[in-house]
Amino acid sequence: MTEQTCARSHCTYEREGLTLAYSIFGEGHPIVFVHGATATGEFEWDRLAKRLASHYRCILPDLRGHGGSDMGKDMTSEAICADLLHLVDDLGLDKPHIVGFSYGAEASLRLELMAPGTARSLVLISPGTGRPDDYRAPALDHLHQTWPLALRRLHETRHGPDHWRRLVTALHEDSVGRAELSDDTLAGVECPVLLMAGARDERTRRHQGRRFAQVKADATYVEIEGAAHAAHHESLDKVALIVGDFLSEVEAGIGKGRHGATEGG
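All you need for our numbering is the position in the sequence shown, starting with 1, plus 4.
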């Protein structure tokens with residue numbers, strides 16, 4: 005699966021007085037890509053979306069406060085999901101596939117739980133289903149000290165050089181106390197789900213991906229050998245092939261779910 009050169013549009017939409025940015029390219033059934041904390045749509049997803057754009061219309065939003073989008077007072081996942089639902093309605097998308105990474109994977113799952121039937125399928129890379137009782141959250145100071153330099157620089161032009169700290173703080177506060185979802189809740193998700201994690205990703209995320217696939221009949225968990233947290237960056241070719249095959253199966257109505265797979269096997 006090779007990258008496609010596609011005409012791209014950079015667009016905005018409005019919600020609650022905020023101007024929110026997205027880019028869009030490709031042809032076919034829509035995919036909404038949801039980036040991770042302090043990333044942007046194009047930084048996170050451009051290379052993977054180009055692999056899929058010959059068959060899918062790819063929509064890459066910047067979540068509120070990120071990239072080209074305004075920062076709102078409410079930076080909870082509920083507000084972010086409401087923005088994404090508004091975008092789906094604004095563009096008249098008919099049950100898009102939704103692809104999310106890390107914080108964006110958690111938001112993508114929450115979006116489908118908030119508005120069941122919105123997604124045709126979910127692809128959750130480095131998934132999370134809430135914080136287990138024994139989860140030890142990283143200290144905010146530690147996150148500020150170790151946050152990747154590339155992510156810090158994405159927001160300087162529009163929001164200023166220290167904006168990434170505001171985002172890290174707000175999203176950490178939003179996610180750290182969220183309770184783990186029950187088996188019944190996960191089993192009740194209405195669409196097929198592909199869960200992916202690097203074999204060297206955080207143990208909790210790998211465990212939650214396996215658990216999700218165990219309790220939901222049409223869910224698939226795939227572990228990518230050699231990859232850590234951002235498998236779609238570290239192992240692009242493998243991830244693009246697995247995601248492309250999964251979406252094709254969903255489109256054809258033949259996805260069955262494969263529990264505990266590795267490397268797509």
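Beta carbons: idealized from backbone N, C-alpha and C, even for Gly.
Reduced DSSP category for residue i - H, G, I as helix; E, B as strand; rest coil
i	result
ARG262	Confidence is the limiting factor: at ARG262 the pLDDT is only 47, short of 50, which leaves the residue's position unreliable and the question unanswerable from this model.
LEU113	helix
SER252	helix
VAL172	helix
GLU18	strand
HIS90	helix
VAL226	strand
VAL36	strand
VAL193	coil
THR80	coil
ALA25	strand
GLY202	strand
SER106	coil
LEU185	coil
VAL180	coil
GLY213	helix
GLY164	coil
LEU97	coil
ARG140	coil
ARG55	helix
GLY45	helix
LEU155	helix
Sequence-distant residues of its chain with Cβ nearer than 6 angstroms to residue i (five each side left out)
i	result
HIS90	ARG19
GLY30	CYS10, ALA57, TYR60, ARG61 and CYS62
TRP49	PHE37 and LEU64
HIS14	SER27
THR44	ASP66, HIS70, GLY71 and LEU158
LEU97	PRO34
Whole-angstrom distance between residue j and residue i, CA atom to CA atom
i	j	result
GLY76	ARG68	7 angstroms
ALA123	PHE250	14 angstroms
MET79	ALA25	16 angstroms
ASP74	GLY21	9 angstroms
SER81	ASP241	30 angstroms
VAL254	ASP145	42 angstroms
ALA256	LEU52	21 angstroms
ALA231	ALA109	17 angstroms
ASP87	GLN218	31 angstroms
GLU116	GLU160	32 angstroms
ASP138	ARG12	45 angstroms
GLU238	ILE228	10 angstroms
LEU190	LEU113	9 angstroms
Contacts around residue i, its chain only, beta-carbon distance under 7 angstroms, and the 5 residues preceding and following it disregarded
i	result
ARG156	TRP168
PRO136	GLU184 and THR208
CYS176	Just to set this straight, residue 176 is His in the shown sequence, not Cys. Answer for HIS176: LEU144 and LEU147, listed in chain order.
GLY1	No answer is possible for residue 1: it lies beyond the span of the chain, which begins at 5 and ends at 269.
Local Cβ density within 10 Å of residue i, reported as buried at 16 or more and exposed below that
i	result
VAL301	The displayed coordinates of the chain run from 5 to 269. Any statement about residue 301 would go beyond what the structure contains.
PRO100	buried
TYR107	buried
GLY213	buried
LEU153	exposed
HIS211	exposed
ALA244	buried
THR16	exposed
VAL180	exposed
GLY202	buried
SER252	exposed
SER130	buried
ASP205	buried
THR23	exposed
Heavy atom of the ligand COA within 6 angstroms of residue i beta-carbon
i	result
PRO65	The model on display carries no ligand, and the ligand COA is accordingly not part of it.
Residue i at chain B interface by Cβ criterion, 7 angstroms
i	result
ALA119	In summary, chain B is missing from the structure at hand, where a single protein chain is found.
Beta-carbon proximity list for residue i, same chain, < 8 angstroms, skipping 5 on both sides
i	result
VAL172	ALA41, THR42, LEU144, LEU147, HIS148 and TRP151
- Message: Three Cβ pairs or more, each shorter than 8 angstroms: is that satisfied between the region 217–231 and the region 185–196?
- Response: By the Cβ test, the region 217–231 is in contact with the region 185–196, since at least three Cβ pairs between them sit closer than 8 angstroms.
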